[in-house]
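To start, the structure itself, in structure tokens.
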Amino acid sequence: MGTSDLLLRLMKALNHCQLLKADSSIGGYSALEIEPMHWQTVAQMIQQDQGRFAGLWAEELEDVFFVTVCFCIEKHYLLMRTSLNKKIPLKLSSLSCLYLAANRFERHTHDLFGIEFIDTDDSRRWTRHQAWQANQFPLRKDFPAAGYGTGKTPADKTYPFLQATGEGVCEVPVGPIHAGIIEPGHFRFQIAGEEVLYLEERLGYVHKGIEKIAEGKDIHHLINLAAHVSGDCTLSYAGSTCMAVENALQITVPDRALFIRAILAERERIANHLWDVAAICNDVGFAFAYYQFGRLRELWLRTNAYLFGHRLLMNCLSVGGVQKDYLSATAIDLLQHELVPLEKEVGELTHILDTNASLQNRLRTTGVLSHETAQAVGALGYVSKASGIDFDVRRDAPYAPYHQCEVSSPVLSDGDVAARLSIRLKEIKSALTLIKDLLNTLPSGPYQTTWTPPPYPTAGIGIVESWRGELLTYVSLDATGKVSRYFPRDPSWFNWLALERLIYRDIVPDFPVCNKSINGSYSGCDL
Amino acid sequence: MMNRLLYSLLQTGLFVFIAPLFVGIVKMFKCWLQNRSAPSVFQCYRDLRKLFHKQTILAHHASWIFRFAPYLIFSITALIASAIPFIVSPSQTVGFTDVILIAGLFGLSRFFLALAALDIGTSFGGMGASREMTVATLAEPALMIAFFSLAMMASSTRLDIITTYLSTHSLWFNPSMLFVALAFAMIAVAETGRIPVDNPATHLELTMIHEAMILEYSGRHLALIEWAAQIKLLIYTILFANLFLPFPLINQLSLSAIGLNGGIVIIKCLLLAWVLVLAETHLAKLRLFRVPLLLNMAFLLCLLGLLIHVIAEVA
Numbered sequence: 013m014g015t016s017d018l019l020l021r022l023m024k025a026l027n028h029c030q031l032l033k034a035d036s037s038i039g040g041y042s043a044l045e046i047e048p049m050h051w052q053t054v055a056q057m058i059q060q061d062q063g064r065f066a067g068l069w070a071e072e073l074e075d076v077f078f079v080t081v082c083f084c085i086e087k088h089y090l091l092m093r094t095s096l097n098k099k100i101p102l103k104l105s106s107l108s109c110l111y112l113a114a115n116r117f118e119r120h121t122h123d124l125f126g127i128e129f130i131d132t133d134d135s136r137r138w139t140r141h142q143a144w145q146a147n148q149f150p151l152r153k154d155f156p157a158a159g160y161g162t163g164k165t166p167a168d169k170t171y172p173f174l175q176a177t178g179e180g181v182c183e184v185p186v187g188p189i190h191a192g193i194i195e196p197g198h199f200r201f202q203i204a205g206e207e208v209l210y211l212e213e214r215l216g217y218v219h220k221g222i223e224k225i226a227e228g229k230d231i232h233h234l235i236n237l238a239a240h241v242s243g244d245c246t247l248s249y250a251g252s253t254c255m256a257v258e259n260a261l262q263i264t265v266p267d268r269a270l271f272i273r274a275i276l277a278e279r280e281r282i283a284n285h286l287w288d289v290a291a292i293c294n295d296v297g298f299a300f301a302y303y304q305f306g307r308l309r310e311l312w313l314r315t316n317a318y319l320f321g322h323r324l325l326m327n328c329l330s331v332g333g334v335q336k337d338y339l340s341a342t343a344i345d346l347l348q349h350e351l352v353p354l355e356k357e358v359g360e361l362t363h364i365l366d367t368n369a370s371l372q373n374r375l376r377t378t379g380v381l382s383h384e385t386a387q388a389v390g391a392l393g394y395v396s397k398a399s400g401i402d403f404d405v406r407r408d409a410p411y412a413p414y415h416q417c418e419v420s421s422p423v424l425s426d427g428d429v430a431a432r433l434s435i436r437l438k439e440i441k442s443a444l445t446l447i448k449d450l451l452n453t454l455p456s457g458p459y460q461t462t463w464t465p466p467p468y469p470t471a472g473i474g475i476v477e478s479w480r481g482e483l484l485t486y487v488s489l490d491a492t493g494k495v496s497r498y499f500p501r502d503p504s505w506f507n508w509l510a511l512e513r514l515i516y517r518d519i520v521p522d523f524p525v526c527n528k529s530i531n532g533s534y535s536g537c538d539l
Numbered sequence: 088m089m090n091r092l093l094y095s096l097l098q099t100g101l102f103v104f105i106a107p108l109f110v111g112i113v114k115m116f117k118c119w120l121q122n123r124s125a126p127s128v129f130q131c132y133r134d135l136r137k138l139f140h141k142q143t144i145l146a147h148h149a150s151w152i153f154r155f156a157p158y159l160i161f162s163i164t165a166l167i168a169s170a171i172p173f174i175v176s177p178s179q180t181v182g183f184t185d186v187i188l189i190a191g192l193f194g195l196s197r198f199f200l201a202l203a204a205l206d207i208g209t210s211f212g213g214m215g216a217s218r219e220m221t222v223a224t225l226a227e228p229a230l231m232i233a234f235f236s237l238a239m240m241a242s243s244t245r246l247d248i249i250t251t252y253l254s255t256h257s258l259w260f261n262p263s264m265l266f267v268a269l270a271f272a273m274i275a276v277a278e279t280g281r282i283p284v285d286n287p288a289t290h291l292e293l294t295m296i297h298e299a300m301i302l303e304y305s306g307r308h309l310a311l312i313e314w315a316a317q318i319k320l321l322i323y324t325i326l327f328a329n330l331f332l333p334f335p336l337i338n339q340l341s342l343s344a345i346g347l348n349g350g351i352v353i354i355k356c357l358l359l360a361w362v363l364v365l366a367e368t369h370l371a372k373l374r375l376f377r378v379p380l381l382l383n384m385a386f387l388l389c390l391l392g393l394l395i396h397v398i399a400e401v402a
């Protein structure tokens, strides 16, 4: 990992102020060890250096809790970690005054570890609905994996939503059960007429205890679990988890396996983008595009099932490579033959979408996310790219095999639904080009490497560009090689915040299409 | 007189019973246009039968309005259907045929639907009712002006006289007729809740207009409301066909005359269904706040039609 000048300067400044306890690294990424009392100060210095907040998680060890934050400064990742002694009250100053997005991570951490974040406006419970008591913390080692309660979870009726008052202002609760087949999430609108004054999300309805389930699993089972975190990006989750483990164990993955992984990742991107374009059009009653893009996606998924054994590419990866050598000569031929007609059809359909005045009229200026807001919430993926933030992990912090390819990542500045739709169409195109390049330069060799788990505790981080954007995964292993902490951070943690903000002063009937254009993962955030 | 009553009843019965078929045909055309295989044209009948057999669930605090509205809405719609010249020439049937009354009856049925939506007290019902009324306040005046323009040409507000007048005078290319026809099509789309004003096929509660009002209905209540909506679509289609694609209904009660009239009506309906489907496939749904622009335009077109008629055509 390279270190930018900015990072060096930051380290120097921290050393100078004696804020740095130690300068270490976790799984290949530089990490700053600091005292809890300097937590906010150092974060502030990083923020002043335009550092982007990229996630926060905690971990329990023998006598301490580690709290780690990931920042991204000028395309370089930097970790900041502190340890909280169990013997004294678990308190840490909040970063939500510096970074909007830190709030939900802190509430998640509080609900699951009991670490209190002070100086924050919002310390309401987040992941904990009513399934466990306020004084129980499921991710602590002394909490049984089976939990305590066996009965039905009581309804979560008392969550204090922010309420607007005034003449003609009313509150509209939507969800968690929706009319379509989508994941559950609750949206609380404060509206005046049709105008949205405030939208508050209440997620956590698909909390599955992924982090707890992962504990004590061996690495193979972890990869299997990772694939099940969020069904629409099963490959990205498995990929980033593999990468984290490989970083932790310093496994070198053979080139052929890396190429196959990248081809699979791009296939996942294309399938999801096709379906999103279809769904956005359907939400505004443009059924033609819905069926056409849906048809293309279905054909694409059938090839997945035929060649890789699963429509959504579940269980294709393994630590050190891929499950098997999927790409025989005939398979490569089939994949290559699939690219040309898809590219042609997407091109034709894109032309139809672009030139349909009625559709463009509907989508343009709807749900505008400004560049500033996108930066403030730390939006990722197509959401940020449509608002003028030019960042793509594959190009800017490349991991193998993307460092050998030319990744063209689109960027637009309008920030509306039409821009997010357009980014997806452009990404489909660039992913097709990538697959073509990868297939043409596919190296031969083994698809898997052998490795042995280490006899010491270790940890690693994997960061990939999933179809939703940057996906970060932290894995730590104990001395027996079993998982002691697993935290996958979905890009939707940030994009959900973007949704809350972009709907402000828009109208209620625009919400579904705005929501679809963000398409945050519920399962990936609820964990 | 007895015969005329009988014909009226038979014709109305036929109208009511083929309305779901017409919606089925529209759906079939739509599927064809989008490269899909279509469900049977009789699917709407199956859906209605299913709903009639299902249990009807009522909210605890539903008042009589909620229970009463589906029957009222269905009856009013069927009543309007009886007033529309359909297959038998209007002179052979009985009944009221005043266009102002027709517009008023549509308003009455809408009033009860909105009341029922509010009655249950859900946020979606209230939202749907408020949107429906916004659309109605703009669509109804436009509809009235459209009727007035036609009434001025025929010197009567009676639908049978207007229809006969239009079918015996070739006014197809009168500018006023073109304006009014275009406006009437826009009003019809808004009144029947089709794309681009409303999307009858959506599952998104927050975007609905008509569907949001009937979210709490189930079983036979829902069946009646759905059926009424299907009749309404056919009413507007037949009205459009009668007024703007006029073809004199043969004033006889022979089988051949009825067969010929029926055949012509079918051809006109299929043609209009195809036009509707083309428009719906080509257009996305409008933003809710752009709907008033569409309806204002319809109003303006009607008014222009009326003015042109007064200024240029009367003389």
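Chains as they are written, first to last, in my numbering: chain L, 13 to 539; chain U, 88 to 402.
Glycine included, each C-beta is placed from N, C-alpha and C at the ideal position.
Between the CA atoms of Ile-189(U) and Leu-195(U) - distance to the nearest angstrom: Here the question's residue 195(U) lines up with position 108 in the second sequence. Here the question's residue 189(U) lines up with position 102 in the second sequence. For Leu-195(U) and Ile-189(U), the distance between alpha carbons rounds to 10 Å.
Where Trp-479(L) falls: helix, strand or coil (DSSP) | As a working note, residue 479(L) is residue 467 in the first sequence. Looking at Trp-479(L) - three-state DSSP - the assignment turns out to be coil, as it is neither helix nor strand.
Exercise. Assign Leu-92(U) to one of two classes, buried (16 or more other C-beta atoms within 10 Å of its C-beta) or exposed (fewer than that).
Key: On the second sequence, position 5 is the one that residue 92(U) refers to. Classification for Leu-92(U): exposed.
Contact list for Asp-522(L) against chain U, beta-carbon separation under 9 Å:
Here residue 522(L) refers to the residue found at position 510 when the first sequence is read from its first residue. Ordered by position in chain U, the residues that pass the 9 Å Cβ test against Asp-522(L) are Leu-293, Thr-294, Arg-374 and Leu-375.
Discussion item. Looking at chain U, is there any beta carbon in it that lies within less than 7 Å of the beta carbon of Thr-362(L)?
Written reply: Here residue 362(L) corresponds to residue number 350 of the first sequence, with the count starting at 1. Not one chain U Cβ lies under 7 Å of Thr-362(L).
Run the proximity test for Ala-70(L): is its beta-carbon closer than 6 Å to any non-hydrogen atom belonging to the ligand NAD?
The ligand NAD is absent from the structure shown, which contains no ligand whatsoever.
Inset, instruction - Report the partner residues of Glu-227(U) according to the DSSP bridge assignment. - result: In the second sequence, the residue the question calls residue 227(U) occupies position 140. According to DSSP, which records beta bridges pairwise, Glu-227(U) is partnered with nothing at all.
Requested in this report: Taking all protein chains shown into account, decide if Ser-108(L) is buried (16 or more other Cβ within 10 angstroms of its Cβ) or exposed.
Outcome: Residue 108(L) sits at position 96 when you count from the first residue of the first sequence. Flag for Ser-108(L) reads buried.
CB contact check: Ser-243(U) to chain L, cutoff 7 Å | Along the second sequence, read from residue 1 onward, the residue named residue 243(U) stands at position 156. Closer than 7 Å: no.
* To do: Take the Cβ of Lys-397(L) as the centre, count every other Cβ of all protein chains shown within 10 Å, and call the residue buried at 16 or more, exposed below.
  => By one-based count along the first sequence, residue 397(L) stands at place 385. Buried, since its Cβ has 16 or more Cβ neighbours within 10 Å.
Exposed or buried, Val-352(L), counting other C-beta atoms within 10 Å across all chains shown (16 or more means buried)?
-> Looking up residue 352(L) in the first sequence gives position 340. That one is exposed.
- Message: List, in chain order, every chain U residue whose beta-carbon is nearer than 8 Å to that of Arg-374(L).
- Response: As a working mapping, residue 374(L) is identified with position 362 in the first sequence. Those within 8 Å of Arg-374(L) in chain U are Ala-371, Lys-372, Leu-373 and Arg-374.
task: Tell me, please, whether the CB atom of Thr-209(U) is closer than 7 Å to any CB atom in chain L?
output: As a working note, residue 209(U) is residue 122 in the second sequence. Taking Cβ atoms only, chain L never reaches closer than 7 Å to Thr-209(U), which makes this a no.
Taking only beta-carbon atoms, is Trp-282(U) less than 7 Å away from chain L?
The count along the second sequence starts at 1 and reaches residue 282(U) at position 195. Sequence inspection shows Ile at residue 282(U); the Trp mentioned does not correspond to that position. Chain L, which has a Cβ nearer than 7 Å to the Cβ of Ile-282(U), makes this yes.
For the alpha helix (DSSP H) containing Pro-157(U), name the first residue and the last one. What you label residue 157(U) is simply residue 70 of the second sequence in a count that begins at 1. 151-170 is the extent of the alpha helix (DSSP H) around Pro-157(U).
How about Pro-458(L) and Pro-266(L): do their beta carbons lie closer than 7 Å? By one-based count along the first sequence, residue 458(L) stands at place 446. By one-based count along the first sequence, residue 266(L) stands at place 254. Yes; because the gap between Cβ atoms is below 7 Å, this pair is in contact.
Where Met-13(L) falls: helix, strand or coil (DSSP):
Taking the first sequence and counting its residues from 1, one reaches residue 13(L) at position 1. Residue placement at Met-13(L) cannot be trusted, given a pLDDT of 43 that sits under 50; the coordinates are not used to answer.
Q.
Let me confirm a value: Gln-202(L) is counted as buried when at least 16 other C-beta atoms fall within 10 Å, else exposed. Which label applies?
A. Within the first sequence, residue 202(L) is the residue found at index 190, counting from 1. Result: buried.
- Item | N- and C-terminal bounds of the beta strand (DSSP E) containing Pro-185(L) | Along the first sequence, read from residue 1 onward, the residue named residue 185(L) stands at position 173. Here the beta strand (DSSP E) through Pro-185(L) covers 181-186.
- Message: Do Ala-203(U) and Phe-153(U) count as a contact pair if the criterion is CB distance below 7 Å?
- Response: For the purposes of this step, residue 153(U) is taken as the residue at position 66 of the second sequence. For the purposes of this step, residue 203(U) is taken as the residue at position 116 of the second sequence. Against a cut-off of 7 Å, the Cβ pair of Ala-203(U) and Phe-153(U) comes out as a contact.
Report task. Give a yes or no on contact between the stretch 382-397 of chain U and the stretch 227-235 of chain U, applying the rule of three or more CB pairs nearer than 8 Å. Result -> yes
Which residue spans inside the stretch 392-451 of chain L form an unbroken alpha helix (DSSP H) run of at least 4?
393-397 and 405-408
**OP:** Give, in chain order, every residue of the stretch 165-192 of chain L whose Cβ lies closer than 9 Å to some Cβ of chain U.
**Re:** Cys-182, Glu-183, Val-184, Pro-185, Val-186, His-190, Ala-191 and Gly-192
Contact belief for Ala-216(U) with Ala-201(U) at Cβ below 8 Å, rounded distance in angstroms
The count along the second sequence starts at 1 and reaches residue 216(U) at position 129. The count along the second sequence starts at 1 and reaches residue 201(U) at position 114. At roughly 4 Å, the Cβ-Cβ gap stays under 8 Å, so Ala-216(U) and Ala-201(U) are in contact.
Under DSSP, the alpha helix (DSSP H) around Ala-318(L) begins and ends at which residues? Residue mapping note: residue 318(L) aligns to position 306 of the first sequence, counting from 1. Note on residue identity: the sequence assigns Tyr, not Ala, to residue 318(L). 299-320 is the extent of the alpha helix (DSSP H) around Tyr-318(L).
query = What whole-angstrom Cβ distance do Ile-272(L) and Leu-313(L) have, given they're in contact under 8 Å?
reply = Here residue 272(L) corresponds to residue number 260 of the first sequence, with the count starting at 1. Here residue 313(L) corresponds to residue number 301 of the first sequence, with the count starting at 1. Wrong, their Cβ atoms sit about 18 Å apart, outside the cutoff.
Run down chain L in chain order and give the residues with a C-beta less than 7 Å from the C-beta of His-290(U). Taking the second sequence and counting its residues from 1, the one referred to as residue 290(U) is at position 203. Here the neighbours are Ala-191 and Gly-192.
Could you tell me which of Ile-231(L), Glu-45(L), Leu-247(L) and Val-289(L) sits nearest to Leu-261(L), measuring between CA atoms?
-> On the first sequence, position 249 is the one that residue 261(L) refers to. With distances taken between Cα atoms, Leu-261(L) lies closest to Ile-231(L).
For the stretch 294-312 of chain L, list every residue whose C-beta sits within 7 Å of some C-beta in chain U, in sequence order. Asp-295, Val-296, Gly-297, Phe-298, Ala-299, Phe-300 and Tyr-303
DSSP bridge partner residues for Phe-83(L) (one or two, in chain order)
Along the first sequence, read from residue 1 onward, the residue named residue 83(L) stands at position 71. Per DSSP, Phe-65(L) and Leu-90(L).
List the whole-angstrom C-beta distance separating Asn-329(U) from Pro-172(U), where the pair is believed to meet the contact cut-off of C-beta under 8 Å. Against the second sequence, residue 329(U) aligns to sequence position 242. Against the second sequence, residue 172(U) aligns to sequence position 85. About 6 Å; that satisfies the 8 Å criterion.
Simplified DSSP state of Pro-287(U), which is helix, strand or coil: Walking along the second sequence from the start, residue 287(U) turns up at place 200. Three-state DSSP puts Pro-287(U) in coil, outside helix and strand.
**Report entry** chain U within 7 Å of Ser-370(L), Cβ atoms only
**Finding:** Here residue 370(L) corresponds to residue number 358 of the first sequence, with the count starting at 1. Ser-370(L) counts as touching chain U.
Considering just the uninterrupted stretch of the alpha helix (DSSP H) at Val-208(L), what are its terminal residues? Locating residue 208(L) in the first sequence gives position 196, counting from the first residue. Looking at the DSSP string, Val-208(L) is not in any alpha helix (DSSP H); the run it does join, the beta strand (DSSP E), is 207-214.
Item checked: Own chain residues within Cβ distance below 7 Å of Ile-312(U), not counting five before or after -> In the second sequence, residue 312(U) corresponds to position 225, counting from 1. Counting only Cβ-Cβ distances below 7 Å, and skipping sequence neighbours, we find Pro-157, Ile-160, Ile-301 and Tyr-304.
Practice problem: Starting from Lys-164(L), trace the alpha helix (DSSP H) both ways and give me its first and last residue. | Solution: Here the question's residue 164(L) lines up with position 152 in the first sequence. Premise fails: Lys-164(L) is in no alpha helix (DSSP H) and is neither H nor E.
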